[in-house]
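In the numbering used here, the protein residues as written are 156 to 411.
One structure is given here, and the rest of the page talks about it.
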Amino acid sequence: MLINGFPFFKKKNQSTINHSELHLGVIPKHVAIIMDGNGRWAKKRGLPRIAGHKEGMDNVKRIVRVATKHKLEVLTLYAFSTENWKRPKKEVDFLMGLPSEFLSTYLPELIENNVRIQTIGDFEPLPSLTKQAMTNAIHKTKDNDGLILNIALNYGSRFEMLEAVKKIVEDVKVDQYPIENINEELFSNYLYTKHISDPDFLIRTSGEQRLSNFLLWQCAYSEFWFTDVLWPDFDEKLFEQALSDYEKRKRRFGGL
Ligand code: IPE
Ligand code: IPE
Ligand code: MG
């Protein structure tokens, strides 16, 4: 297989879902994942970083299958941050090509599985091919009522909040409502995530334990789960282990 001039990608057999008999009593409605560690995964194998991104993209497929199997309502995946533009152009270009590559092979399966694609992030600066692929997928899946697969693309929480503040100021200026009306609910309605609930569970792979500008407002009361495993190696079993750990968490939201 030749991708962007790199001949080393071999098509692997599609990983099949692990039909383990894991029965979860409490399922997080919304799981958000910071898919980190693609570059280190490649480096460990003496491959260029983009080989890790390709492998990471393939892993999205198996993780979506697990999310569908356990009937999650929303799976938000951090695919590209507002800070990731700092990377070498070659890597950024490769990352920007992944959504269309992913959807060109996988959209039929998503449609068949009743998955609805959504995105969060600043769409404007994305290359037109990336925008087209995402817009097409959003349109083709808009009537599906199964899992919402929410892709965070050129997403940055600080940018999101600043944009919200600007719009709120504009609306106050034209007397749409008085300042006193600004509360958590109103603010949330100005965010990209206005149609979806806050994440119940946030997973980050690769050993880093930080948010990297991801859903800062929305994760106020999310449960966090970290693993040293690199994203391309984060498999069905580990995802199910994380989900079963979530079951044991006691969420108090400040109460007793
Ligand atoms: C995550 O993997 C994917 C993106 C940020 C786009 P990285 O590319 O950050 O991989 P590491 O952290 O360098 O290993
Ligand atoms: C966070 O990973 C962004 C994505 C996974 C898309 P990074 O690799 O960019 O985060 P830092 O730089 O290690 O904080
Ligand atoms: Mg990283």
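Note that the Cβ used here is the ideal one computed from N, Cα and C, for glycine as well.
Can you determine whether any heavy atom of ligand 3 sits closer than 7 Å to the C-beta of G194, and answer yes or no?
yes
Which parts of the stretch 175 to 220 are runs of the beta strand (DSSP E), unbroken and 3 residues or longer, counting only runs that do not cross its ends?
185 to 189
To the nearest angstrom, how far is it from the Cα of L308 to the Cα of R242?
15 Å
CB of V181 within 8 Å of CB of E402, strictly
yes
Smallest Cα separation from L357: which of K349, A375, F379?
It is F379.
Taking the straight line between their C-alpha atoms, what separation do you get for H208 and Q273?
21 Å
Tell me whether S343, by its Cβ, gets closer than 7 Å to a heavy atom of ligand 4.
The model on display carries ligand 1, ligand 2 and ligand 3 but not ligand 4.
Please classify V221 as buried or exposed, where buried requires at least 16 other C-beta atoms within 10 Å of its C-beta.
That one is buried.
Suppose contacts are defined by Cβ-Cβ distances below 8 Å. Is L234 in contact with L370 by that definition?
Looking at the sequence itself, residue 234 is Ala, so the reference to Leu does not match. No; because the gap between Cβ atoms is not below 8 Å, this pair is not in contact.
Could you tell me the distance, in whole angstroms, from the CA atom of K226 to the CA atom of Y345?
Cα-Cα distance, rounded: 28 Å.
Less than 7 Å between the CB of S236 and some heavy atom of ligand 3, yes or no?
Every heavy atom of ligand 3 is 7 Å or more from the Cβ of S236, so no.
Beta carbon of R313, beta carbon of N368: below 8 Å?
Yes.
By Cβ distance, which residues of its chain are closer than 8 Å to T311, with the 5 residues on each side in sequence left out?
The question names Thr, but residue 311 in the sequence shown is Gly. Within the same chain, G311 has close Cβ partners S236, T237, E238, G276, D277, N368.
Compare the beta carbon distance of V229 and N305 with 8 Å and say whether it is the shorter of the two.
yes
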